[in-house]
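390 is the number of the first residue of the sequence shown in the numbering used here; add one for each residue after it. Each residue gets a CB set at the ideal place from its N, CA and C atoms; glycine is no exception. Bear in mind that the values here come from a model prediction, so they are computed numbers and not experimental data.
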Amino acid sequence: MASGGGNYRNGTHRNSLKGTTTATDRPLSVNSNPSKPALKNKPLSSAGASASSGLRKSSPGSLGAGGTTKDDAGVPGRVRVAVRLRPRNAEELVADADFADCVELQPEFKRLKLRKNNWDTDTYEFDEVLTEFASQKRVYEVVAKPVVESVLDGYNGTVMAYGQTGTGKTYTLGRLGEEDTADRGIIVRAMEDILADVSLETDSVSVSYLQLYMESLQDLLDPTNDNISIVEDPKSGDISLPGATLVEIRDQRSFLELLRLGEAHRYAANTRLNTESSRSHALLMVHVKRSVKGRDLAHSFHNGNTTNMAKSLRPTLVRKGKLVVVDLAGSERIDKSGSEGHTLEEAKSINLSLSALGKCINALAENSAHVPVRDSKLTRLLRDSFGGTARTSLVITIGPSPRHRGETTSTIMFGQRAMKVENMLKLKEEFDYKSLARKLDIQLDQLIMEHERKQKAFEDEIERITTDAENQISEAEQNYANAMEKERLKYQKEYMESIKKLEEKWMMNQQKHSERKDQMVSTAEEVAELKKLLSKETSLRKAAEEEVNNLKSQIAQLKMSEASADSEVLKLRKVLEDEAYRKEKLEGEISMLQTQLLQLSFEADETRRRLDRGLPGKVPVGLDSLISQARPQVNDSGNGEKASMENLFEQVGLQKILSLLEAEDADVRVHAVKVVANLAAEESNQQKIVEAGGLTSLLALLGTSKDETIHRVAAGAIANLAMNETNQELIMSEGGISLLSMTAANAEDPQTLRMVAGAIANLCGNDKLQNKLRGEGGIKALLGMVKCRHPDVLAQVARGIANFAKCESRASTQGNKTGRSLLIEDGALPWIVQNANNEASPIRRHIELALCHLAQHEVNARDMITGGALWELVRISRDCSREDIRTLAHRTLTSSPTFLAELRRLRIDY
Ligand code: ADP
Ligand code: MG
390 MASGGGNYRN GTHRNSLKGT TTATDRPLSV NSNPSKPALK NKPLSSAGAS ASSGLRKSSP
450 GSLGAGGTTK DDAGVPGRVR VAVRLRPRNA EELVADADFA DCVELQPEFK RLKLRKNNWD
510 TDTYEFDEVL TEFASQKRVY EVVAKPVVES VLDGYNGTVM AYGQTGTGKT YTLGRLGEED
570 TADRGIIVRA MEDILADVSL ETDSVSVSYL QLYMESLQDL LDPTNDNISI VEDPKSGDIS
630 LPGATLVEIR DQRSFLELLR LGEAHRYAAN TRLNTESSRS HALLMVHVKR SVKGRDLAHS
690 FHNGNTTNMA KSLRPTLVRK GKLVVVDLAG SERIDKSGSE GHTLEEAKSI NLSLSALGKC
750 INALAENSAH VPVRDSKLTR LLRDSFGGTA RTSLVITIGP SPRHRGETTS TIMFGQRAMK
810 VENMLKLKEE FDYKSLARKL DIQLDQLIME HERKQKAFED EIERITTDAE NQISEAEQNY
870 ANAMEKERLK YQKEYMESIK KLEEKWMMNQ QKHSERKDQM VSTAEEVAEL KKLLSKETSL
930 RKAAEEEVNN LKSQIAQLKM SEASADSEVL KLRKVLEDEA YRKEKLEGEI SMLQTQLLQL
990 SFEADETRRR LDRGLPGKVP VGLDSLISQA RPQVNDSGNG EKASMENLFE QVGLQKILSL
1050 LEAEDADVRV HAVKVVANLA AEESNQQKIV EAGGLTSLLA LLGTSKDETI HRVAAGAIAN
1110 LAMNETNQEL IMSEGGISLL SMTAANAEDP QTLRMVAGAI ANLCGNDKLQ NKLRGEGGIK
1170 ALLGMVKCRH PDVLAQVARG IANFAKCESR ASTQGNKTGR SLLIEDGALP WIVQNANNEA
1230 SPIRRHIELA LCHLAQHEVN ARDMITGGAL WELVRISRDC SREDIRTLAH RTLTSSPTFL
1290 AELRRLRIDY
């Protein structure tokens, strides 16, 4: 019911629609007589509308045409009222046998005549008049069917029975017709029609069943729920019962069961409350939700060319009709004396809803400004049914007995007033955003699941690829290891072959060497001859001295006879002077011969050394002439060379020889440096040479001389002297490293480099000089010399590196050194690794040792791994022909966590 007048249509309005609103009226099967209802005692102006027209099924289009969503105002629809007369019951047949019925029905005129007394009647007109013979089917079709059809079309509908207890309200509405199908009441038939019309895939039908007693709303489907609250939508004014059980109906059988259950609960509740069912109102609410499709949908959407995507995102248009069937409490007045066992307050409360309904209908019928909807729960629940948007059909039930004329009259008056109530029917159509959201939610969840599945499949694929790759890597590593092993065997074979070739070469050299030895014998013979010459000369000198002595004694004799003759004296003096001059000349010759002998003996010595080394024994130019010059003076002593050198050393004097190093004559300098070098080769001479300043002079020669021979020989001498620790310090303090480096830089002869490298290599073996040596560029100088690929040079470089590594290792062990090797710092590692397997064994041995020394210290391990030294160590530990080195390498590897970790990482069993 409208709280204001907005939805109310008064009679004037209704009349004004007469003739123009037949379309609106047509679907109502209750014959729509648009003329004023209930014209008491007046002939009805238009009673011609056929009753049969009310039975025909209304066309769905007819309501739709007037009831689109666009028309917010709705379609006028008056409350239709039918009256039904119950037949006399057994008691009445007996008790009222002598009396006529208090009503007379004229169904063809839709009139009811109420007998006031034997001579006076009141006539009332209704939308339908149903006699005591009216079948249940007919009652349904006339009263309820049009309402049901409206509900199926998306309107709210109400079918309500009003009347005195015992007049057939429940018979009309609620008969289940289990014994006789013809007995089925409106509720059962309505549900049959609804279920026949809806499609259960797209539509839904659900039911609540309630009882209202003394203003408490009880759930007949869940009796524990006995105080359901009514919720009103503040905007639309629609009411809802969120607390009520709502059961979805899918077939008639389950609906009937539900009705029986509700009825049983109603009975139990009334027993418990000590009430009668006639004092409570029963409300059945059927919610019909239908989705609009096909022609209707196209009609609802003005653009019919929507895409599929748009369609799937478009909410379904739904129509929600609600059918409310109300079996009201008996309309008879409650005896205020409380004869039924109620107090006055209870009696008031029991009838509150019903009297409120009467007041509201009066207000609506009279077009009153105020309709007291809020006075009771029933009026709140039926707000839409009277003066609202629902199609409402009321059946009032009356009995025939004249004894109840008063109640019958008031029932008739209620019906008459209700006929004046005008509703505005509104299509309950809306977009179903909720189910669209639900549908999209489901789609989203499906997509999420699909995504998760794909994600998992992707991860599995990645894992499979990773495993494959790992397998391939390990296979490749295995192949690599096999190839390495193959290579190793190949190199071993080649190595053996080259050793064999070298042995052959060595044999050939041996042969050549023996030939040269023969040559050397002849040279030795020449030397012996020279020696003979020398001793002869010595004896000549002795003879001359004797002569001098002799002459001296003669002089003495002459002096004694001085006086005898001055001339004789003078003569003798002259002789004496002559003799002195000759002596001097002889001495000069002796000195000369000594120098020549010195040279010859050095050259002979050098020739011998060269032959020993397998180099061509070239005899210096001019030697022959010297020999031939000297030969007559050489005696036949036959002493060894060494002895002669020592003699020479003593005879000529070390100082003199050293002073010749600075002689102006280049040849003399060359000879002198060779002599010194020879002397320095003998350990016994070394100290004397150094004490006499020989080492200083030799170092100076490296700086001052431009002659490579001098460089070579001097460097050789320095190398020999550098074997002694004291000398090493001296060399260093005299700037030996830079002098040697410079010499190496200018050298062209590999032998010069060999000497220089040898000297530095010796210095490398001094523990105390490590840092100084490195600081002055010793390691760089060594590494610079590897440009010359001569194996002799490389062997010395390797020896130097090994010496240095050994000293470093010792210093690290003693805790005197931290940090990584200076060799690595100075970039020696690549060369070391490159030559670790050099075919020349001296080189290889030194490097193998150097690697072992370096590897003994963890701080070097990372560099060695990145530099490839680990492989060499592994190889050494497996293949080195020297057991001690092999063991050392193995021990070194196994004691280093870094190496072990790397080997494990490379999956090399060690
Ligand atoms: P109410 O619900 O109004 O109190 P009921 O429907 O219980 O009345 O009916 C009272 C009695 O009258 C029941 O026994 C019922 O079977 C019977 N009755 C009511 N209407 C008819 C009818 N049209 N034909 C036959 N019997 C009826
Ligand atoms: Mg009843």
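Query, Result
"Assigned exposure category for residue 1167 - 16 Cβ within 10 Å defines buried", "buried"
"Three-state secondary structure (DSSP) of residue 1167", "helix"
"N- and C-terminal bounds of the alpha helix (DSSP H) containing residue 1224", "1218–1224"
"Backbone CA spacing between residue 548 and residue 533 [nearest angstrom]", "6 Å"
"The ligand MG heavy atom lying under 7 Å from the CB of residue 720", "no"
"Inside the region 526–560 only - beta strand (DSSP E) runs reaching at least 3 residues", "546–552"
"Simplified DSSP state of residue 1289, which is helix, strand or coil", "helix"
"One or two residues paired with residue 468 in a DSSP bridge", "Its beta-bridge partners do not exist; DSSP assigns none."
"Buried or exposed (CB count within 10 angstroms, at least 16 for buried), residue 674", "buried"
"Whole-angstrom distance between residue 828 and residue 428, CA atom to CA atom", "Because residue 428 sits at a pLDDT of 36, beneath the cut-off of 50, its placement in the model cannot be relied upon, and the point is left open."
"Residue(s) in a DSSP beta bridge with residue 1046", "The partner list for residue 1046 (beta bridge, DSSP) is empty, contrary to what the question assumes."
"Proximity to residue 1163 [Cα-Cα], best of 1130, 1237, 1181", "1130"
"Distance cut-off 7 Å: residue 561 Cβ against heavy atoms of the ligand MG", "no"
"Per DSSP, the bridge partner or partners of residue 679", "708"
"Continuous beta strand (DSSP E) stretch holding residue 1195: start and end", "That residue, residue 1195, is in no beta strand (DSSP E); its alpha helix (DSSP H) goes 1180–1202."
"Endpoints, the alpha helix (DSSP H) within which residue 1094 is located", "Segment: none, residue 1094 is in no alpha helix (DSSP H) and carries neither H nor E."
"Cβ-heavy atom distance, residue 740 to the ligand ADP, below 7 Å", "no"
"Per-residue burial, residue 840 [other beta carbons within 10 Å of its own, 16 or more giving buried]", "exposed"
"Whole-angstrom distance between residue 817 and residue 514, CA atom to CA atom", "32 Å"
"Selection from 712, 622, 678, 790 that minimises the alpha carbon distance to residue 480", "790"
"Alpha-carbon spacing of residue 419 relative to residue 531, whole angstroms", "Per-residue confidence for residue 419 stands at a pLDDT of 35, beneath the threshold of 50, marking its modelled position as unreliable; the derived number appears in the next sentence. Distance between the alpha carbons of residue 419 and residue 531: 6 Å."
"Own chain, CB closer than 6 Å to residue 500, minus 5 neighbours either side, in chain order", "512, 514"
"Min CB distance residue 1243 to chain D below 8 Å", "Of the protein chains in this structure there is only one, and it is not chain D."
"Contact test: residue 573 Cβ vs the ligand PLP heavy atom, cutoff 7 Å", "Among the ligands modelled here, namely the ligand ADP and the ligand MG, the ligand PLP does not occur."
"Residue from 477, 538, 1297, 495 whose Cα sits closest to the Cα of residue 1317", "Residue 1317 is absent from the structure shown; the chain starts at 390 and stops at 1299."
"Whole-number beta carbon distance between residue 1219 and residue 1256, since they are thought to touch under 8 Å", "6 Å"
"Inter-residue spacing [alpha-carbon to alpha-carbon] between residue 1190 and residue 1239", "7 Å"
"At least three beta-carbon pairs within less than 8 Å, the region 570–579 to the region 650–659", "no"
"Cβ neighbour criterion (16 or more within 10 Å) applied to residue 459", "Confidence at residue 459 is low in this model, with a pLDDT of 40, below 50, so its placement is unreliable and the value that follows should be read with caution. Answer is exposed; the Cβ neighbour count stays below 16."
"Closer than 7 Å: residue 669 CB and nearest the ligand MG heavy atom", "no"
"CB contact flag (residue 646, residue 595, <8 Å)", "no"
"Exposure of residue 1135, with buried meaning 16 or more beta-carbon neighbours within 10 Å", "exposed"
"Rounded separation between residue 633 and residue 599 - CA only", "8 Å"
"Residues near residue 751 in its chain [Cβ-Cβ closer than 7 Å; skip 5 each side]", "806"
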